[in-house]
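Visitor: Going by this note's numbering, the letters in the sequence shown line up with residues 19 to 348, in that order. I have a structure I would like to understand better, so I am pasting it below and will then ask my questions one at a time.
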Amino acid sequence: MLSKKWISLAAILAVAAAGTAWGVARWRHGQVFIGTDNAYVKGHVTSVASRIPGPLLTVEVTDNQFVRAGQVLATVDPRDFDANAARAEASLQEASSSVTLDQARVAQAQAQVEAALSQKKLAETELARFKALYERQSIAKQKFDHVQTQAEVAGAQVDAARKQVAAAQGLLSVSRGKVAGAQAALAAAKLQRSYCTIVAPCDGYVSRKMGEAGMVVAPGQPICAIVPLGQEEVWIEANFKETQLRRVRPGQPVKLVADLDEKAVFGGRVESISAGTGAAFSLLPAENATGNWVKVVQRVPVRIKLDPGADPAHRLRLGLTVSAEIDTRD
Numbered sequence: 019m020l021s022k023k024w025i026s027l028a029a030i031l032a033v034a035a036a037g038t039a040w041g042v043a044r045w046r047h048g049q050v051f052i053g054t055d056n057a058y059v060k061g062h063v064t065s066v067a068s069r070i071p072g073p074l075l076t077v078e079v080t081d082n083q084f085v086r087a088g089q090v091l092a093t094v095d096p097r098d099f100d101a102n103a104a105r106a107e108a109s110l111q112e113a114s115s116s117v118t119l120d121q122a123r124v125a126q127a128q129a130q131v132e133a134a135l136s137q138k139k140l141a142e143t144e145l146a147r148f149k150a151l152y153e154r155q156s157i158a159k160q161k162f163d164h165v166q167t168q169a170e171v172a173g174a175q176v177d178a179a180r181k182q183v184a185a186a187q188g189l190l191s192v193s194r195g196k197v198a199g200a201q202a203a204l205a206a207a208k209l210q211r212s213y214c215t216i217v218a219p220c221d222g223y224v225s226r227k228m229g230e231a232g233m234v235v236a237p238g239q240p241i242c243a244i245v246p247l248g249q250e251e252v253w254i255e256a257n258f259k260e261t262q263l264r265r266v267r268p269g270q271p272v273k274l275v276a277d278l279d280e281k282a283v284f285g286g287r288v289e290s291i292s293a294g295t296g297a298a299f300s301l302l303p304a305e306n307a308t309g310n311w312v313k314v315v316q317r318v319p320v321r322i323k324l325d326p327g328a329d330p331a332h333r334l335r336l337g338l339t340v341s342a343e344i345d346t347r348d
């Protein structure tokens, strides 16, 4: 009987010792490895919207379809924009024709200047010759006055021809300005026409598809969203208690287990710690300046970056729940 009591006591002590050892081990583990179940998969969501108004001719994707950057997602009826581009093209041709005509007018005016200069030179030569004859009294004063008047008229004609050149050059500048405006209008019309084809801005999966063929869309109206699941596009946001962050530093390794498959373990590293708690950035922050204040442990978001090649199959999807455990031994 006595031996049975000692055996029972020894068993109890052994169980107590094992429990104590296990508790100490768990306590020491909890001091070094801090964890939380309040963690979620986050990522970029790119909204795709029409930049122009009009009816959708086609919508070429479905929900959850993988698309490449530049792949056509939908098309808007382009007929109105084709007409605008045609009008802009016609305006450009008209302005270009005006430039050609004004260039011809400038050339004609410059030729008239050259002709007027030749007439002026001839008149000045005649004036010099008749002046010498008049000074020798070989011709009458009336004849000399007539030649002198012709020289003055030739000079005035040169001035008039030069003013015509300036006027023609002014018209040419105006026409060139119209050409520049017509070119800008044509470029804008072609740009608007290019918006009729809506393409994927990045690689990813189509989500929240709202556009359907025949639907009239307005500028900025969402058609669908693209969710990229690449290595740099997905991260984990773990909300740790403020009492757990004393030893947390960027760069520390993190063990991640998704509820999707508890057997799948993903590696990561602490990338950054939020500048404020979740309550600080909430839509309706808590009002603590009251008489019935109760202290509540706050949670601070910690951004965790996945290790390269941690999720090659892209199993992690936005919003999934994840368990995160940070190794703070460093």
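Heads up, the beta-carbon is just placed ideally off N, CA and C, and yes, glycines get one too.
DSSP three-state label for ILE157, please.
Guide: One-based indexing of the sequence shown puts residue 157 at position 139. In the structure shown, ILE157 sits in coil (DSSP, three-state: anything other than H, G, I, E or B).
Visitor: Does the segment 236 to 254 touch the segment 114 to 127, meaning 3 or more C-beta pairs lie closer than 8 Å?
Guide: With the cut-off at 8 Å, the segment 114 to 127 and the segment 236 to 254 do not touch.
Visitor: Would the beta-carbon of ALA185 fall within 8 Å of that of THR76?
Guide: Taking the first residue of the sequence shown as position 1, residue 185 is located at position 167. Taking the first residue of the sequence shown as position 1, residue 76 is located at position 58. Contact: no.
Visitor: What are the boundary residues of the beta strand (DSSP E) that includes GLU343?
Guide: The residue given as residue 343 occupies position 325 in the sequence shown. Counting along the chain, the beta strand (DSSP E) containing GLU343 begins and ends at 339 to 345.
Visitor: Give me whichever residues DSSP pairs with LYS323 in a beta bridge.
Guide: As a working mapping, residue 323 is identified with position 305 in the sequence shown. TRP253, ARG287, per the DSSP bridge assignment.
Visitor: Would a C-beta distance cut-off of 8 Å place PHE258 and THR38 closer than the cut-off?
Guide: Mapped onto the sequence shown, residue 258 falls at position 240. Mapped onto the sequence shown, residue 38 falls at position 20. The answer is no: Cβ separation not under 8 Å.
Visitor: For a quick check, are the C-beta atoms of ARG86 and ASP279 less than 8 Å apart?
Guide: Taking the sequence shown and counting its residues from 1, the one referred to as residue 86 is at position 68. Taking the sequence shown and counting its residues from 1, the one referred to as residue 279 is at position 261. Result no, Cβ atoms of ARG86 and ASP279 do not sit closer than 8 Å.
Visitor: Tell whether a beta-carbon distance below 8 Å holds between LEU74 and VAL94.
Guide: Residue mapping note: residue 74 aligns to position 56 of the sequence shown, counting from 1. Residue mapping note: residue 94 aligns to position 76 of the sequence shown, counting from 1. In contact: LEU74 and VAL94 (Cβ atoms closer than 8 Å).
Visitor: Is it buried or exposed, ASP100, if we count other Cβ atoms within 10 angstroms and call 16 or more buried?
Guide: Indexing the sequence shown from 1 puts residue 100 at position 82. Exposed.
Visitor: Which ranges would you report for the beta strand (DSSP E) in the segment 150 to 205 if only whole runs of at least 3 residues count?
Guide: Whole beta strand (DSSP E) segments, 3+ residues: zero.
Visitor: On the CB-based measure, 16 or more other CB atoms within 10 Å of its CB, does GLY327 come out buried or exposed?
Guide: Position 309 of the sequence shown, counted from the start, is the residue given in the question as residue 327. Exposed: under 16 other Cβ atoms inside 10 Å.
Visitor: Who are the Cβ neighbours of ASP345 in its own chain at under 8 Å, not counting the five residues just before and after it?
Guide: Counted from its first residue, the sequence shown places residue 345 at position 327. VAL50, PHE51, GLN270, PRO271, VAL272, LYS273, listed in sequence order.
Visitor: Rounded to whole angstroms, what is the Cα-Cα separation between PRO240 and ALA125?
Guide: If you number the sequence shown from 1, residue 240 lands on position 222. If you number the sequence shown from 1, residue 125 lands on position 107. Roughly 56 Å separates the two Cα atoms.
Visitor: If I measure Cβ to Cβ from TYR213 and keep anything under 6 Å in the same chain, skipping five residues before and after, which residues do I get?
Guide: Reading the sequence shown from its first residue, position 195 is the one you call residue 213. If we look at TYR213 and ignore the five residues flanking it on each side, its Cβ neighbours are ARG69, ILE70.
Visitor: Does SER21 pass the burial test, meaning 16 or more other C-beta atoms within 10 Å, or should it be called exposed?
Guide: Position 3 of the sequence shown, counting from 1, holds the residue named residue 21. Under this definition SER21 is an exposed residue.
Visitor: With 16 other CB atoms within 10 Å as the buried threshold, where does MET19 fall?
Guide: Residue mapping note: residue 19 aligns to position 1 of the sequence shown, counting from 1. Residue placement at MET19 cannot be trusted, given a pLDDT of 49 that sits under 50; what the coordinates show is reported in the next sentence. By the 10 Å Cβ count, MET19 comes out exposed.
Visitor: For SER65, I'd like the list of residues in its chain whose CB is within less than 6 Å of its CB, leaving aside the five on either flank, ordered along the chain.
Guide: Walking along the sequence shown from the start, residue 65 turns up at place 47. These residues qualify, in order along the chain: PRO240, ALA243.
Visitor: What three-state label does DSSP hand VAL275 in the structure shown?
Guide: Stepping through the sequence shown from its first residue, residue 275 is reached at position 257. Of the three classes helix, strand and coil, the one that applies to VAL275 here is strand, per DSSP.
Visitor: Can you tell me whether LEU190 is buried or exposed, with buried defined as 16 or more other CB within 10 angstroms of its CB?
Guide: One-based indexing of the sequence shown puts residue 190 at position 172. By the neighbour-count rule (16 or more Cβ atoms within 10 Å), LEU190 is buried.
Visitor: Counting Cβ pairs, one atom from each stretch, are 3 or more of them under 8 Å apart for the segment 198 to 216 and the segment 152 to 161?
Guide: Flag = no, the segment 198 to 216 and the segment 152 to 161 do not touch.
Visitor: Tell me, please, which residues DSSP counts as bridged to CYS242.
Guide: One-based indexing of the sequence shown puts residue 242 at position 224. Answer is VAL66, bridged to CYS242.
Visitor: Please classify LYS138 as buried or exposed, where buried requires at least 16 neighbouring CB atoms within 10 angstroms.
Guide: For the purposes of this step, residue 138 is taken as the residue at position 120 of the sequence shown. The residue is buried, with at least 16 neighbouring Cβ atoms inside 10 Å.
Visitor: So VAL275 and VAL235 are supposed to be a Cβ contact under 8 Å. How far apart are they, rounded?
Guide: Position 257 of the sequence shown holds residue 275. Position 217 of the sequence shown holds residue 235. Not really, about 43 Å apart at Cβ, beyond 8 Å.
Visitor: Are the beta-carbon atoms belonging to ALA57 and ALA342 less than 8 Å from one another?
Guide: Within the sequence shown, numbered from 1, the residue matching residue 57 stands at position 39. Within the sequence shown, numbered from 1, the residue matching residue 342 stands at position 324. It is a contact, given that the beta carbons lie within the stated cut-off.
Visitor: Measure the C-alpha to C-alpha separation of ASP277 and SER26 and round it to an integer number of angstroms.
Guide: Looking up residue 277 in the sequence shown gives position 259. Looking up residue 26 in the sequence shown gives position 8. Their Cα atoms are separated by approximately 42 Å.
Visitor: In the structure shown, what three-state DSSP assignment does ALA57 receive?
Guide: Position 39 of the sequence shown, counted from the start, is the residue given in the question as residue 57. The answer is strand: DSSP assigns ALA57 an E or B state.
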